[in-house]
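The block underneath contains the structure these notes are about, expressed in C-alpha cells.
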Amino acid sequence: MTGQPFPVEAGHIMMFARAIGDENPAYEGESALAPPTFTMASAHYDPDYHLRPKPGQEWFGSGAGPGVMPEGGGGLHAEQHFTYHRPVRAGETLHAHTVPGRSWEKQGRTGRLLFSERITEYRDADGEPVVSALTLAVVPEGPATPKDTR
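Spelled out as C-alpha cells, the structure:
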C-alpha cells in the first residue's frame with residue numbers, strides 16, 4: 023500500500039474525542055470508532071506536514087513570537103468535506119494519499135481570490151477506500167502572496 027501510513031490507535035481516538043468535547047462511549051476502548059473528523063489528525067504522522075514543529079528550525083505558530091510564514095501562507099482553509107465509505111476503527115492502519123483537485127479564480131471586493139482543492143484518500147491495508155476528504159483553500163492575491171511567489 024502506498025501513501026503516508028496513519029496508524030489508528032485507541033488512545034489517539036479517545037484523546038481526539040475528549041479534545042472536541044464528545045463523550046460518546048463508541049470512541050473508547052480497543053475497538054473504538056473514530057469521530058467524524060478524526061482523519062485530519064493524520065497530519066501528526068506526516069514528517070513533512072508544514073505546521074509540524076521540526077527540531078532546530080523556526081516554527082510557524084509557536085505563539086512565543088511572530089513565527090515564520092510558511093510558503094503559500096496567508097490563505098484561508100475555507101471548506102472541508104468528508105465522504106465515508108465505512109467507519110474508521112482503532113487497530114487499523116490507513117494510508118493517506120493527497121492529490122490536487124480543481125483550481126479557479128474569482129474577483130473579490132479587494133482583488134483576485136485563488137481557490138484550490140486538495141483531495142486526500144484514506145485507504146485500508148487492502149487498498150479499499152475508507153474516507154475521502156476534500157479541502158478547499160482560498161488565497162487572496164495581494165501583499166501576503168505576491169504574483170511572483172505563487
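Using this note's numbering, the first residue of the sequence shown is number 23, and each one after it goes up by one. Positions of the beta carbon are idealized from the N, C-alpha and C atoms, including for glycine.
Q. What is the rounded straight-line gap between the Cα of residue 111 and the Cα of residue 52?
A. The residue given as residue 111 occupies position 89 in the sequence shown. The residue given as residue 52 occupies position 30 in the sequence shown. Each residue's Cα considered, the two are about 9 Å apart.
Q: Determine the burial state of residue 42: buried for a count of at least 16 other Cβ atoms within 10 Å of its Cβ, exposed for fewer.
A: Position 20 of the sequence shown, counted from the first residue, corresponds to residue 42. Residue 42 should be labelled exposed.
Q. Should residue 70 be labelled buried (16 or more other beta-carbon atoms within 10 Å of its own) or exposed?
A. If you number the sequence shown from 1, residue 70 lands on position 48. Label assigned to residue 70: exposed.
Q: Give me the Cα-Cα distance between residue 81 and residue 98, rounded to the nearest whole angstrom.
A: Within the sequence shown, numbered from 1, the residue matching residue 81 stands at position 59. Within the sequence shown, numbered from 1, the residue matching residue 98 stands at position 76. So the alpha carbons of these two residues sit roughly 19 Å apart.
Q. Within 10 angstroms of its Cβ, does residue 145 collect 16 or more other Cβ (buried), or is it exposed?
A. Here residue 145 refers to the residue found at position 123 of the sequence shown. By the neighbour-count rule (16 or more Cβ atoms within 10 Å), residue 145 is buried.
Q) With respect to the beta strand (DSSP E) encompassing residue 38, which residues constitute its N-terminal and C-terminal limits? A) What you label residue 38 is simply residue 16 of the sequence shown in a count that begins at 1. Not the beta strand (DSSP E): residue 38 falls in the alpha helix (DSSP H), residues 32 to 41.
Q | C-beta atoms of residue 35 and residue 58 nearer than 9 Å | A | Counting from 1 along the sequence shown, the entry for residue 35 is found at position 13. Counting from 1 along the sequence shown, the entry for residue 58 is found at position 36. Contact flag unset, no.
Q: Look at residue 100 and residue 156 and say whether their C-beta atoms are less than 9 Å apart.
A: Start at 1 with the first residue of the sequence shown, and residue 100 comes out as number 78. Start at 1 with the first residue of the sequence shown, and residue 156 comes out as number 134. Their beta carbons are not under 9 Å apart, which means residue 100 does not touch residue 156 by this criterion.
Q. Exposed or buried, what is residue 153 when buried is set at 16 or more other beta-carbons lying within 10 Å of its beta-carbon?
A. Residue mapping note: residue 153 aligns to position 131 of the sequence shown, counting from 1. Counting Cβ neighbours within 10 Å, residue 153 comes out buried, since at least 16 surround it.
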